[in-house]
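Residue numbers (the working numbering): 121 to 519.
Even glycine gets a Cβ: it sits at the ideal position worked out from N, Cα and C.
Model, not experiment: these values are computed from the prediction.
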Amino acid sequence: MSAHRRAFLKLLALGSGALAACRQKAAQLPSLLGAPVRPYGDRSPFVHAVRQTAETTRTPEQASSLTPLADTYGIITPSSLHFERHHSGVPTIDPADHRLLIHGLVDRPTIFTVEELKRLPSISRIHFLECSGNSGTGWRPTPRPGVQGTHGLTSCSEWTGVKLSLLLEELGVQSAASWILAEGADPAKMTRSIPIAKAMDDAMVAYAQNGEPLRPEQGFPLRLFLPGWEGNANVKWLRRLKVVDQPYMTREETSKYTDLMPDGTARQFTLTMDAKSVVTHPSGGQKLAGPGFHEINGLAWTGRGSVARVEVSTDGGATWKDAALQQPVLPRAHTRFRFEWEWDGSDTTIASRVTDDTGYRQPTRAELVAVRGLNSNYHNNMIQAWRVKADGTVEYAVI
Ligand SMILES: Nc1nc2c(c(=O)[nH]1)N[C@H]1C(S)=C(S)[C@@H](COP(=O)(O)O)O[C@H]1N2
Ligand SMILES: [Mo]
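Below, the structure written as structure tokens:
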């Protein structure tokens, strides 16, 4: 008999006393009318999960907040819980006043209003967005209490906008063009250089997220969206795209968002996010009610394509078994995995590892450090483990 079937039979074995108590409770349900309709929805007052502010956040320049991954379900992150990272606060932009200038090595430099962009053919795609600083905790010895702290700088939404290739084709890209400088309208005027190949492939100028206009935190009214690429390059409050013939070596691609290698050189323009997975339940800070059936589940994603396989270990990495992948499994999107587990109540360590459809498998911390050393801040995709102690409490662990 399967573990979950046994757990279910235990639930069914309720005594008749419990059934009578349940009927009595039903009879006492209030008969007064409920609350009226609301013009804009809010969640139940009994639901409390919130974005946590990262501990480094002291000023608007350092601001970031983390998605409560342990309290989200499926693959879509509610817009209200999408992680945030901004370098100079969230600007308030009236879309009627906002413009997008596309200039440089194009035949017809053009200024678009938001309304003009919305009149063009649109596309909608479900994709994750991940800061390359996500799970950077793995580089340092300080453990974090839970998965929100270790992995909360990733979220997944349906994004709607205009394909950047459509705009560039209409404007006529000149043959010398090889990069695009993207600039935001926030006080930081954040800028990144983007290879033209990405712009002509799947990049989009997004104006909507999860069925409504972008949230101000996510770049209202326009953001550059680069599926599978590090969060930083997805310039928010997008106001300018300059088509150029070289990378501009901006602050965000020189002193930041580069990783120092053991030989003293730095990895630069590491734009694609490597495959990563993490168990969100049970995870650090949670407490299991007791031995018996528990569903282990979590998220896996890769910037290089789709998740092909997720394996789970319940013995500290000694053995691995395949997890089930929840459909749909979409390219460059969060993928939910599930694994049925019968916990015998002993102290053990659980973890997940993903393999993507390029054949690349998520490394252990030792495998990652052997290649990258310990001077990096970004792009840590090591296997994250959780120790389940005999009393049911769950803690950060490394295997
Ligand atoms: N204009 C602008 N774009 C920006 C930023 C910013 O501060 N200003 N932050 C970047 C960083 S570091 C990340 S990780 C993502 C975060 O996007 P989000 O806040 O929508 O999650 O936006 C990127 N785009
Ligand atoms: Mo970021």
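Check: Using a Cβ-based criterion (distance less than 8 Å to any ligand heavy atom), does GLN268 qualify as near ligand 1?; Outcome: no
Check: Closest to LEU186 by CA distance: which of LEU237, GLN268, GLY465, SER200 is it?; Outcome: GLN268
Check: Quick one: what does DSSP say ASN417 is sitting in, helix, strand or coil?; Outcome: strand
Check: Identify whether ILE231 lies in helix, strand or coil by the three-state DSSP scheme.; Outcome: strand
Check: Residue range of the beta strand (DSSP E) that LYS396 falls in?; Outcome: 396-401
Check: Which residues in the same chain have their Cβ closer than 6 Å to the Cβ of LYS67, if we skip the five residues on either side of it in sequence?; Outcome: The question about residue 67 has no answer here: the residues shown for the chain are numbered 121 through 519.
Check: How about LEU344: is its Cβ closer than 8 Å to a heavy atom in ligand 2?; Outcome: no
Check: What are the start and end residues of each continuous beta strand (DSSP E) run of 3 or more residues lying completely inside the segment 142-186, in chain order?; Outcome: 184-186
Check: What is the rounded straight-line gap between the Cα of VAL430 and the Cα of ARG219?; Outcome: 43 Å
Check: Flag ARG335 as yes if its beta-carbon sits less than 9 Å from any beta-carbon of chain D, otherwise no.; Outcome: Absent here is chain D; the protein component of the structure consists of one chain.
Check: Ligand 2: which residues have Cβ under 5 Å from any of its heavy atoms, chain order?; Outcome: ARG205, CYS251, GLY351, ASN352
Check: I think MET324 touches ILE246, with their Cβ atoms under 8 Å apart; what is that distance to the nearest whole Å?; Outcome: That pair is no contact at about 13 Å.
Check: Cα-Cα, which of SER313, PRO483, ASP306, ASN354 is closest to ILE213?; Outcome: ASP306
Check: TRP259 by DSSP, collapsed to three states: which one?; Outcome: helix
Check: At what residue ranges does the segment 255-316 contain a whole run of the beta strand (DSSP E), taking only runs of 3 or more?; Outcome: 274-283, 299-304, 311-315
Check: In chain order, what residues of the same chain lie with their CB nearer than 8 Å to the CB of TRP349, ignoring the 5 residues before and after it?; Outcome: LYS318, LEU391, THR392, MET393, GLY423
Check: When the Cα atoms are used, what is the spatial distance from ALA297 to GLY384?; Outcome: 31 Å
Check: Under a three-way DSSP split, which group does ALA323 fall into?; Outcome: coil
Check: Just reading off the alpha helix (DSSP H) that ARG485 is part of, what are its end residues?; Outcome: 485-492
Check: Hey, how far is the Cα of LEU334 from the Cα of PRO341?; Outcome: 6 Å
Check: Report all residues from its chain with a CB closer than 8 Å to the CB of PRO229; omit the five preceding and five following residues, and keep chain order.; Outcome: LEU221, ILE222, HIS223, LEU291
Check: Between the Cα of SER199 and the Cα atoms of PRO265, THR468, TRP279, THR439, which residue gives the shortest distance?; Outcome: TRP279
Check: Can you tell which of ALA302, ARG264, TRP259 has its C-alpha closest to the C-alpha of THR370?; Outcome: ALA302
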